[in-house]
Structures are given as structure tokens and as C-alpha cells.
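J.: In UniProt numbering, the protein residues as written are 1 to 186.
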């Protein structure tokens, strides 16, 4: 995102004798950080304006003003997409972001690798699921609508549209949705 454009409007200069000069201060542009509009949309491409692969520092700097300071924890990855990487998990309410390094060193730079949301609604005002998330379906409905999404049904999960979804077993309980590289063992 780029900062909003600033248009300078010159001030009218009063008429002066031909021998006099008037100097005007130079217009200045605002250098404030661009704001992140709410709700922030979580999609199969990333979160808000940040795509998977975006630098941890940029993502956190961009989301923290809108969502508040996240709770964080770190760990070495164990399975699938997280295996062999050092991870930082940043949790903003129901949204957890995973930032992964390319190795197991805590000092290595990390990038946005995945997100997970546990929610009972498609938007809470701050965070919204993208319109292509098949939200609100049971496991049987996901299986019928997306027949090629199998492989995780032994754990109650189904893949659809670039998301892994674990619908609740009991109505009213949260659905777990994740996008990006899996960081849990299947």
C-alpha cells in the first residue's frame, strides 16, 4: 500500500510592489504509515494486503495498529510445511499467523507461511473470511460439494478452494480454517 497522495494548493499571494518578493514555505507530504482497513480479509493468498511470503516485520507492523498487539510464541516446526523451519506464531484474537524461517535458527528471517482461524461466523468486524471460504458447511456437505478434497477426513478435515477446514462436530462450536502450508501432523 502506498500513502495517500498529497496535493499542494498554493496560498494566494497579495499584490506587492514590483521591488518586493514574497517567499512561501514549501508544502510538505505526510509520512504517516498507511492504515489497514477493517475488516482484514483472510484468504487463500494471505491476510489483508499481505501475501504468503511477506516479511514477518512488515505483516506485524501492518496488522498491529488495526488488530492490537498479538500474543506470540516460537517453536521449531515438526510436520509437513513447518518441518525444518523455525516458526513464530502471532495470535490476534481468533486469528493465528505462522511465520516460518527456511531453517531451524531462531535468528533467521521469517515470512508469512500460514494462518488459522477458529470462528463461529464469517466476520467479527475486525477479521473476515474471504468470500470463497466454504464456511458453515458440515463435513458431509464439504465432501459432497468438493469431492476432490479428501485425505484428511480421518481427522475430520476437508480441503476446498485452497483451505483446510475442520467443521464443528456440534452446532454452534467454532470451525477451524487454515490456509498456507500446514504446520500440523496429518
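Yeah, the Cβ is synthetic: ideal placement off N, Cα and C, and Gly gets one too.
(1) When you compare the region 57 to 74 with the region 92 to 110, are there three or more beta-carbon pairs, one atom per stretch, that lie closer than 8 Å?
(2) Taking all protein chains shown into account, decide if residue 30 is buried (16 or more other Cβ within 10 angstroms of its Cβ) or exposed.
(3) Identify every residue that forms a DSSP beta bridge with residue 72.
(4) For residue 109 and residue 150, what's the separation of their Cα atoms in angstroms?
(5) From the DSSP output, read off the bridge partner residues of residue 99.
(6) Counting only the same chain and skipping the five closest in sequence on each side, list residues whose C-beta sits under 6 Å from that of residue 167.
(7) Give me whichever residues DSSP pairs with residue 137 in a beta bridge.
(8) Give the single residue among 112, 170 and 131 whose Cα lies nearest to the Cα of residue 180.
(9) Would you call the region 96 to 107 and the region 157 to 166 in contact, with 3 or more CB pairs under 8 Å?
(10) Taking just the CA atoms, how far does residue 157 sit from residue 171?
(11) Check the DSSP bridge columns for residue 178 and list the partner residues they point to.
(12) Output yes or no for whether 8 Å exceeds the beta carbon distance between residue 74 and residue 88.
(13) Compute the Euclidean distance between the alpha carbons of residue 119 and residue 107, then round it to the nearest angstrom.
(14) Does the distance from the CB of residue 126 to the CB of residue 40 come in under 8 Å?
(15) Alpha helix (DSSP H) containing residue 60: first to last residue?
(16) Could you round the C-beta distance between residue 130 and residue 43 to whole angstroms and report it? I think they count as a contact, below 8 Å.
T.: By the coordinates alone:
(1) Three or more beta-carbon pairs drawn from the region 57 to 74 and the region 92 to 110 are found closer than 8 Å, and the two stretches are therefore classed as touching.
(2) Bear in mind that a pLDDT of 36 at residue 30, under 50, signals an unreliable position, so the model cannot answer this.
(3) Bridge partners of residue 72: 90.
(4) Each residue's alpha carbon lies about 34 Å from the other.
(5) Residue 99 is bridged to 88 and 112.
(6) Taken in chain order, the residues that qualify are 138, 139 and 175.
(7) Its beta-bridge partners do not exist; DSSP assigns none.
(8) For the residues 112, 170 and 131, the minimum Cα distance to residue 180 belongs to 112.
(9) They do not touch, by the three-pair rule.
(10) Our two residues, residue 171 and residue 157, have alpha carbons roughly 16 Å apart in a direct line.
(11) Beta-bridge partners of residue 178 (DSSP): 116 and 164.
(12) Remark: C-beta atoms of residue 74 and residue 88 approach each other more closely than 8 Å.
(13) Those two C-alpha atoms are separated by around 33 Å.
(14) Remark: C-beta atoms of residue 126 and residue 40 approach each other more closely than 8 Å.
(15) Per DSSP, the continuous alpha helix (DSSP H) segment holding residue 60 begins and ends at 56 to 67.
(16) Contact holds; Cβ gap of about 4 Å.
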